[in-house]
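What follows is a short report on a single structure.
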Ligand code: ADP
Ligand code: MG
């Protein structure tokens, strides 16, 4: 049976089960073999509990002494008393809901076949009372007759536990995998890794690793299997990026830049502050890229408030100085609008024409913008993803800047990639990518980092607080002429429900602060309303802005000094850090107050991290550990960074091996044309077609 055989032809699986398996993206025997366990239970006898087991797990092999049925009102109970070779006894209990059944149906019929006097059985269950030392009373989860030859798949070993959907049990699934491992599909599982690397890194072969990842004989064997599979995943992805990088390196621009300074110099003179050293350094790096003969693909990372916007503006001015157009894209309309006002202010009386385009731009205004873009009289276009729609045609767009790039969806990003393939591209983020990741997987990307904040910024005092104390602080600050944000979480991801909730809170807060001017902002308002409210707040026409997380990124009002985050436990780490970054932008001492309903758990851990850490890079790294890289980089759906076996944090050493070996591989055989690399290359292409659309390997 070749390993691309459809799953329904495997022994024990029919069309119905195949449907359920397809929900897990398992279509072929090969898919099944590569559906690795989520975790393992140590069901070996006489082995002390280890990391895989919770305290309450009991694994027991014994002889049936007697059984008993207890009919109760709502549940039916079956009990079996077992004794093992050392004479220890356990009392096992099964519960079944009482349901209407035909009279002669016995809900414990199947059990009774194995659980009869003197028969040898295995039971796996949970202690009914955690404090009961030996656990001699257990609620059973799985049981097997010892004479059943296949029971050794399930018990007496490190037992695989899979993440399954409804209708599938681990017991069944183990049998399916066992069947798949029996067929010759395992033998036909190709070894894609070149033999030289296998021996250099002392890795298990592909069939060995697959067998051991599902049914390991020991923890050591399991680790070797995982290492081999992780290495393979890392090497494939690192190589894909490596190839991409060599390809973009040879691309040449058919346009060039010169630093003329007829706009840059007057811009700098009017700015009102000098650049920080970090800003100077990254502006240099960006200008070098722009003046080089190949297209720029640079990620600018810098903590919240580090001043990325002016850096981007400098790059855009260089484009305009050279007679080209530039575009800036932001993930929200509010942020796009704000950038527009910032640019207008900073570029006042310079001969640079700027416009903003979002999905709520009125038809007439939109038409005018499109016309001026096409004839080249508009120099800089700011907007949301509306900017990349097909009918938006530029006269000579050369530079695209993407702000808060991690906030764009996968679809938008691949569209962006399409549109910007031959452009100079600057992406900006405050959610930094850990260095190892950036190097390995964004190998085609150059990274610039702003490592300092503008001078005079004070550390933001970050604390958990009761609502009462938080409002006290708000009152004090507003009385001193400052402003405050009070933010509520999004509810069930729905803007509508959130808008309603925040409206109710707004009414309550008006009573808490009758003497102040309050305004409300949420995603359901019209663009004109949002603009007016932001403009009023920026001009200090209002004191307190009550909002949903629409204000999370980019908003810049220097006089605001208090950020109250309600239900802080509902926010992710990156969001908390971004929200905190809305204050502390001027010379005044600022506060970020986290109002939590329940402490403890992962949520509480996030709040603790935010209180203890100011460094956005550390926060980014912790966030990635808590949530996984795919989630953070928005690549989850695309499968771009989903590792099945590997973990970029735990398997750092293996990751370094892979990067090192990738570099050697591509130096020796850049096109992977040698026969020993044929299967590896084929696998790369297959993966590229399946999930890596974003990595353009063509
Ligand atoms: P972010 O990196 O979070 O996008 P912004 O670009 O919004 O940060 O900058 C935050 C604030 O700091 C803005 O008000 C900006 O004008 C100001 N700023 C930027 N660079 C400097 C500097 N070198 N000195 C003083 N203020 C600066
Ligand atoms: Mg910004």
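Numbering (the numbering used here), first residue to last: 1373 to 2070. Positions of the beta carbon are idealized from the N, C-alpha and C atoms, including for glycine. A quick note: this is a predicted structure, and the numbers were derived from the prediction, not measured.
- Put simply, the backbone Cα of residue 2028 is about 43 Å away from that of residue 1515.
- Taking the C-beta atoms as reference points, residue 1595 is found no nearer than 9 Å to residue 1632.
- Non-local C-beta neighbours of residue 1908 in its own chain, meaning closer than 6 Å and more than five positions away in sequence, comprise 1914, ordered along the chain.
- Using a cutoff of 8 Å, the CB of residue 1681 counts as near the ligand MG, since one of the ligand's heavy atoms is closer than that.
- By the criterion of at least three beta-carbon pairs nearer than 8 Å, the segment 1399-1419 is not in contact with the segment 1437-1447.
- Looking at 1709, 1609, 1708 and 1695, the one whose alpha-carbon comes closest to that of residue 1745 is 1695.
- DSSP lists 1441 and 1466 as the beta-bridge partner residues of residue 1450.
- The ligand MG has no heavy atom closer than 8 Å to the beta-carbon of residue 1668.
- A distance below 7 Å between beta-carbons, with the five flanking residues on each side excluded, links residue 1862 to the following residues of its chain, in chain order: 1870, 1920 and 1921.
- Contact check for residue 1775 against residue 1700 passes: the beta carbons are separated by less than 9 Å.
- Residue 1378 is bridged by DSSP to 1400.
- Residue 1447 counts as exposed, since fewer than 16 other beta carbons sit within 10 angstroms of its beta carbon.
- If you draw a straight line from the Cα of residue 1829 to the Cα of residue 1954, it is about 13 Å long.
- Taking the CA atoms as reference points, residue 2047 sits about 23 Å from residue 1580.
- According to the DSSP assignment, residue 1855 belongs to the beta strand (DSSP E) that extends over 1855-1859.
- Separation of residue 1880 and residue 1683 (C-alpha to C-alpha, rounded to the nearest whole angstrom) is 41 Å.
- Residue 1597 places its beta carbon 9 Å or farther from that of residue 2026.
- Approximately 5 Å separates the beta-carbon atoms of residue 1957 and residue 1930; this is inside 8 Å, confirming the contact.
- The beta carbons of residue 1618 and residue 2037 sit no closer together than 9 Å.
- Of the candidates 1517, 1477, 1797 and 1916, the residue whose Cα lies closest to the Cα of residue 1494 is 1517.
- The C-alpha of residue 1537 lies about 53 Å from the C-alpha of residue 1850.
- Residue 1963: member of the beta strand (DSSP E) spanning 1963-1967, first to last residue.
- Put simply, the backbone Cα of residue 1837 is about 18 Å away from that of residue 1944.
- Contact annotation: the segment 1820-1835 touches the segment 1671-1686, with at least three C-beta pairs closer than 8 Å.
- Within 10 angstroms of the beta-carbon of residue 1478 lie fewer than 16 other beta-carbons, which makes it exposed.
- With contacts defined by Cβ atoms closer than 9 Å, residue 1434 and residue 1460 form a contacting pair.
- A distance criterion of 8 Å places the beta-carbon of residue 1647 in contact range of the ligand ADP, judged by its closest non-hydrogen atom.
- Rounded to the nearest whole angstrom, the CA to CA distance from residue 1759 to residue 1660 is 27 Å.
- In its chain, beyond the 5 residues on either side, 1945, 1949 and 1985 have a beta carbon closer than 6 Å to the beta carbon of residue 1991.
- Among the bridge pairs identified by DSSP, residue 1515 is matched with 1495.
- Distance check between residue 1491 and each of 1508, 1510, 1453 and 1509 places 1453 closest, using alpha-carbon atoms only.
- Classified as exposed, residue 1467 has fewer than 16 neighbouring CB atoms from the shown chains inside 10 Å of its CB.
- For residue 1911, the three-state secondary structure derived from DSSP is coil.
- Distances taken from the Cβ of residue 1676 to the heavy atoms of the ligand ADP include one shorter than 8 Å.
- For residue 1777, there is no enclosing alpha helix (DSSP H), as DSSP marks it with neither H nor E.
- Listed in chain order, the non-local C-beta contacts of residue 1569 below 7 Å within the same chain comprise 2033, local neighbours out to five positions each way being set aside.
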